[in-house]
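Residue numbers (my numbering), protein chains in the order written: chain R, 1 to 359; chain Y, 360 to 718; chain P, 719 to 1077; chain F, 1078 to 1436.
Cβ coordinates follow ideal geometry from the N, Cα and C atoms, glycine included.
See below for the structure under consideration.
Number of protein chains: 4
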Amino acid sequence: MTATDPAGDRELAQLYADFESYNLSPLWTQRDDLLPFVPSPRAVPFVWRWSELFALAERSGELVPVGRGGERRAIALANPGLPGTPYATPTLWCAIQYLAGHETAPEHRHSPNAFRFVVEGEGVWTVVDGDPVAMRRGDLLLTPGWHFHGHHNDTDQPMAWIDGLDLPFAHYTDVGFFEFGSERVTDEASPSVSRNERLWAYPGLRPLSELDDRASSPLMAYRWEATDAALREQLALEDAGYPATVGQGHAAIRYVNPTTGGDVMPTLRCEFHRFRPGASTRPRHEVGSSVWQVFEGQGTVVLGNEEHRISTGDLFVVPSWVPWSLHADTGFDLFRFDDGPIVERLRFDRTHVPGERRG
Amino acid sequence: MTATDPAGDRELAQLYADFESYNLSPLWTQRDDLLPFVPSPRAVPFVWRWSELFALAERSGELVPVGRGGERRAIALANPGLPGTPYATPTLWCAIQYLAGHETAPEHRHSPNAFRFVVEGEGVWTVVDGDPVAMRRGDLLLTPGWHFHGHHNDTDQPMAWIDGLDLPFAHYTDVGFFEFGSERVTDEASPSVSRNERLWAYPGLRPLSELDDRASSPLMAYRWEATDAALREQLALEDAGYPATVGQGHAAIRYVNPTTGGDVMPTLRCEFHRFRPGASTRPRHEVGSSVWQVFEGQGTVVLGNEEHRISTGDLFVVPSWVPWSLHADTGFDLFRFDDGPIVERLRFDRTHVPGERRG
Amino acid sequence: MTATDPAGDRELAQLYADFESYNLSPLWTQRDDLLPFVPSPRAVPFVWRWSELFALAERSGELVPVGRGGERRAIALANPGLPGTPYATPTLWCAIQYLAGHETAPEHRHSPNAFRFVVEGEGVWTVVDGDPVAMRRGDLLLTPGWHFHGHHNDTDQPMAWIDGLDLPFAHYTDVGFFEFGSERVTDEASPSVSRNERLWAYPGLRPLSELDDRASSPLMAYRWEATDAALREQLALEDAGYPATVGQGHAAIRYVNPTTGGDVMPTLRCEFHRFRPGASTRPRHEVGSSVWQVFEGQGTVVLGNEEHRISTGDLFVVPSWVPWSLHADTGFDLFRFDDGPIVERLRFDRTHVPGERRG
Amino acid sequence: MTATDPAGDRELAQLYADFESYNLSPLWTQRDDLLPFVPSPRAVPFVWRWSELFALAERSGELVPVGRGGERRAIALANPGLPGTPYATPTLWCAIQYLAGHETAPEHRHSPNAFRFVVEGEGVWTVVDGDPVAMRRGDLLLTPGWHFHGHHNDTDQPMAWIDGLDLPFAHYTDVGFFEFGSERVTDEASPSVSRNERLWAYPGLRPLSELDDRASSPLMAYRWEATDAALREQLALEDAGYPATVGQGHAAIRYVNPTTGGDVMPTLRCEFHRFRPGASTRPRHEVGSSVWQVFEGQGTVVLGNEEHRISTGDLFVVPSWVPWSLHADTGFDLFRFDDGPIVERLRFDRTHVPGERRG
């Protein structure tokens, strides 16, 4: 890789120039960037504050209309390590979306997968392929790829929530399609329970008319009452001496597709974690990136070497292989989503918890 | 296949005798029995009356103790076409089990898969691997293969229910193991909700501590309230013009393993069907056999060419390929179990509904 | 389970009589037969001698024509433990089939799965869905369920081979369909390579026109040359110090469906085992039954407690859970088929090798 | 989305500035870039000429040593639409690698998956986890993720081939690990057949010691003789009137993992296509990108609206959704690899052939 004389230097310079003119690029000068010893993400760990996000969303609500073309009043977390992009991580998009009283976000569909998670408020219905789905605090609502969806606020009050998508991934890999739908939502009813829930939201019961497995969950709403109960019971079982939690004082569920028991969508994994006051996790390295939102309570997260105090509504991102750990000061509830299905289906998954035997 | 002269006759007779002495058997004399054009079960369609079953179970309760060795006070449907066996069909075993007040059926485990379905009554807890599971009207309770289980009646009143197993299949194919457990149930508590339900009975929520898929459902109790609601909503959706039912006025669910979305156990399929008054099904031929119990209401079933009036508690069996159809006089609820997983996993499944395009 | 007085005796007798008249059967009197501690097959281990089989097949060739109705001149191994049936085991059928020079066995199809294995001779073509497949020594030829097939002998010499089917299983579970086809084979050509081989018999190469997975292998012929080479190389790798064999001096391959890597047919597993002179296996209990044929060489098999000397062409059956072990006196080649896919897909598989840690 | 007065303009400008200072980014100003109606890749269709590539590789051979650190003398196709990157497409890396006589490329391993395809020459052995694999014209050689591999040239002559990796994908998604191995290859033998082939290269035969499925193919070498024969036979079958090809005069195989029948590696699909003289394909849009190399013959490829004449050794890339079609002037053989497994496992796959019914 070294040339020993001026003539050699010239030839080498000419070689590199020729590479460029022929649209070629040598591996040997960039091997360590292309093939790092461990994942070396450009994305950085970062925390966004809900109070700031919400205030900006409110101002947007006053200044920016919502409608066809822009489609959504959504403000995305833009990772400082990925300047010029609206990406939380290379694979994940996360935004706060804001809809003022009686506003409508028009219907459209796209191949990227999406969900909404509600940290506070209610009053909006998201209409998924014509099925109005109420959005309430603590709910996870899905709009899997290529399902039409629009949102309308049925109240006088604004509502904000977070959107999660695999948009950066879909954009990078050039797999995305998009289509406009109705300007108004196609069904303006505001039922407390959607039709998909009436078909699918029974534990272990599958409609006999729906035996074909689905790439994405046919259940579009995962209600807070069930999530809360599941976590409460895990901790109660732990108290009673039975295995139920993932760690001492750490209950957690994964939202799953009832037709397969697997992730809700082919690219996105959604989970909810609850910690008892005082509980904590060991630092963990994971391949793939995640976004977390505090749903309730206070605690700290250590991202790499930095500790951050976080409380209700705050969001943070964990780039690939950056070690993270959580400590709960109060009872501490967090929603998490990540690109685990991408990583696992393509067999790149690895986890490392220093001090634990590698699994 | 015909011999033309006496010498030939003698030689042929000698050949057949030699076959026998060498433990051999020619195909050509029995091809049509071994390879019928369509399945030709020896088992026959048959109806058992709940009133008769229950009365005999009561008399057994007075005359026959329950305990180690006999293990269960269970009286099996013995298909008249399979004389000398206690089998409902070649693959399925179905019995009424009866437990008097404060009796205990001792714990054991076996590789055959089992469940219980409760058509009336309550007060017994089935203890599955140490986890007491309340049995109440309309509930389906699982004891998958090789799980210890015993039953104890916590009340002064007797209780009866039906047991379903793949015992004839397991016995025929020589795959069964059996082991005695505790003489008493290992946990005599009588909680209204079992621990497995507290972990698993949330729609679309999977404990993060339980990510390995299971051959059998980890959820041991499917409660009537959920089944009833699911069926009621299917009919309500049908009323509102949405696809939800399997046929006009015919709602149905399949009980599934939440870790896979598939059948509750590797050999047994369980379903619940609800018909509006007046609804009926077209005659249907299915490969594989099923057992049905009327849970509530009155109607008729046509099995082959015979029509039977049936009502609450009555049981009937449908051998393979025998056409069956149902007609509801009142609102009509039926529980069904069958060997569908055996037939499908081994790729022998076929269905024929005369007049429908073959699927 | 005991009645204490004459009146009780009478009542109990009446109860049992009533059970019978109502087509019911108590569990408690037959629990130990229905639920044995370990599989207790009625089928017994047994050895059939090729010389005897072949001689009887030849006599059949002289006395019994082959044609429509009887369909095949096949003489089945009739397990002495299953009197009155032509079954090798409860799930497996195995027969010697014999076709004299220029004879034809007419085409038909059935849902039971079938294969042929050739211990000696050649000259017959089996025509599978119109594709003539040469049968030669050491070849495994498939006719999966519902494929039309007939055989014709293109030479002046008779030929014999063994047939294996899941017929007892299909018959017991009532899943079988049957249909007559052409009286003559539909293609009388005698190519050395069949069309399915020309499409599929390349290691790791899949036709782009055939991307849908198949329940059964689309490759109908597994040629001796490949089997022999694969086994020879395993032993050579073992000699060179690399892991390749299943035990010291014991090479083995499983025939698989190239579209899935799994068993060739949904109910039948086929394998070929080769032992160096002097090699042996430890006694092994397996759930499920198997049939073996010595392809070449001499050795002994221990079935349960009995040792049998066996040599080329001899067949033996191993009922479920009966321990078997093999010892090779010479180089020792054996073909084996079993009901492993049934046992495994339904999750009843267990193996026990005394002295080994249970897997 | 428009502000109507100067005060509003100021407020809006302040809002956007605040977004930036808080690391946020509005969706509504960039929706059409992020969510295009159809995939709108930055990568462009492009053709590289083998003669140019090879000449540059030769010059590199003279000027640039190969060794630890740079690791490989590999010169990557750098898509002009992705300036500053050495990427053929956003997911695929493709390079010409060159090894002079008796040179060694040191061993290393990485989680990205890799293969080599040989358009001409021989004499190099790639040593995969200690198993030396000969590289010859027309062969496909795998080094799946996390397998150690090095290459050594056992002759006096240089050899060049192409490498394919999922490196851009792994780099973008931050999933890559890397580790140095031995400076010399760990086994300098030069057998004509590798040990993995001796275990795995038999059609439909699986070693009984290797029953666990593999994420990547355990067969590391797919030899030209088999590929050539498979394609030749497809065309011969087409001539004889049987279905075998993917289009008139267009034979093709996919290289597969024999343990699953699926793609050779979790992220990369490899195929070989053969066209008769005069054959052509219809323009086809596919989600996902591909790289092709002409193995032999001459023809044209239309990429988008541009037609290119191509011949032996030439390479071209097809970005996502850019329509491509091929026309063969002579017999025309092409190797192709693509990111199909990524696209399909994540359920983004779509194909459109104008004039064909959408599948």
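Beta-carbon proximity list for residue i, same chain, < 8 angstroms, skipping 5 on both sides
i, result
"R:Thr2", "Model confidence at R:Thr2 stands at a pLDDT of 49, short of 50, so the residue's coordinates are unreliable; what they give is reported in the following sentence. Excluding residues within five positions, none has a Cβ falling inside 8 angstroms."
"P:Trp766", "Leu795, Asp1032, Leu1033, Phe1034"
"R:Pro218", "Asn196, Leu199, Trp200, Glu210, Asn257, Pro258, Thr259"
Presumed contact (8 angstroms Cβ cut-off) between residue i and residue j, rounded CB distance
i, j, result
"Y:Pro550", "R:Gln234", "Actually they are not in contact, since the Cβ atoms of Y:Pro550 and R:Gln234 sit about 16 angstroms apart, beyond 8 angstroms."
"R:Ala105", "R:His151", "4 angstroms"
"R:Thr259", "R:Asp187", "Contact doesn't hold; Cβ gap of about 24 angstroms is too wide."
"P:Phe990", "P:Phe1055", "Not really, about 10 angstroms apart at Cβ, beyond 8 angstroms."
"P:Leu795", "P:Ala773", "Between P:Ala773 and P:Leu795 the Cβ distance is about 15 angstroms, and since that is not below 8 angstroms, they are no contact."
"F:Glu1180", "F:Val1143", "6 angstroms"
"Y:Asp533", "P:Pro1037", "7 angstroms"
"F:Trp1105", "F:Asp1391", "Rounded, the Cβ-Cβ distance is 44 angstroms, inconsistent with contact."
"Y:Tyr457", "Y:Pro404", "26 angstroms between Cβ atoms; not a contact."
Counterpart residues of residue i in DSSP-defined beta bridges
i, result
"R:Val124", "R:Met135, R:Asn153"
"F:Pro1103", "R:Ile75"
"R:Met159", "R:Leu99"
"Y:His530", "Looking at the DSSP assignment, Y:His530 forms no beta bridge with any residue, so it has no partner."
"Y:Glu645", "Y:Thr710"
"F:Ile1419", "The partner list for F:Ile1419 (beta bridge, DSSP) is empty, contrary to what the question assumes."
"Y:Phe476", "Y:Leu499, Y:Ile521"
"Y:Pro566", "R:Ile253"
"Y:Ser410", "Partner(s): none; Y:Ser410 has no beta bridge."
"Y:Val676", "Y:Phe405, Y:Val650"
"Y:Tyr601", "Partner(s): none; Y:Tyr601 has no beta bridge."
"Y:Tyr581", "Y:Leu499"
"Y:Gln657", "Y:Ser670"
Selection from the options that minimises the alpha carbon distance to residue i
i, options, result
"Y:Cys629", "Y:Val615, Y:Pro636, Y:Gly637, Y:Gly426", "Y:Val615"
"Y:Glu538", "Y:Glu430, Y:Trp651, Y:Ser670", "Y:Glu430"
"P:Arg916", "F:Glu1274, F:Pro1122, F:Ala1328", "F:Ala1328"
"R:Ile75", "F:Ala1120, F:Leu1101, F:Gly1144, F:Phe1349", "F:Leu1101"
"R:Pro203", "Y:Ser553, Y:Arg554, Y:Leu570, Y:Arg582", "Y:Arg582"
"P:Trp1039", "P:Ala731, P:Asp727, P:His867, P:Pro759", "P:Pro759"
"P:Gly848", "P:Ile1060, P:His1070, P:Leu800, P:Glu825", "P:Glu825"
"F:Val1195", "F:Gly1178, F:Phe1225, F:Ser1128, F:Asp1240", "F:Asp1240"
"F:Ala1313", "P:Asn914, P:Tyr960, P:Arg972", "P:Asn914"
6 angstroms Cβ shell around residue i - same chain, five flanking residues per side excluded
i, result
"R:Asp5", "none"
"R:Leu165", "Trp93, Pro112, Ala114"
"R:Glu52", "none"
"P:Ala806", "Leu795, Asn797, Cys812, Val1009, Val1035"
7 angstroms CB neighbourhood of residue i in its chain, flanking five on each side removed
i, result
"F:Glu1315", "Ala1321, Thr1322"
"F:Gly1436", "For F:Gly1436, the pLDDT reaches just 43, beneath the cut-off of 50, and the residue's location in the model is therefore unreliable, leaving the point undetermined."
"R:Gly262", "Val256"
"R:Pro341", "Asp263, Pro266, Thr267, Leu268, Arg269"
"P:Gln966", "Ala997"
"Y:Asn664", "none"
When the Cβ atoms of the stretch 1419-1427 of chain F are set against those of the stretch 1361-1376 of chain F, are three or more pairs found closer than 8 angstroms?
yes
Cβ contact check for the stretch 361-376 of chain Y and the stretch 298-314 of chain R: 3 or more pairs under 8 angstroms
no
Within 8 angstroms, do at least three Cβ pairs link the stretch 487-503 of chain Y to the stretch 390-404 of chain Y?
No, the stretch 390-404 of chain Y does not touch the stretch 487-503 of chain Y.
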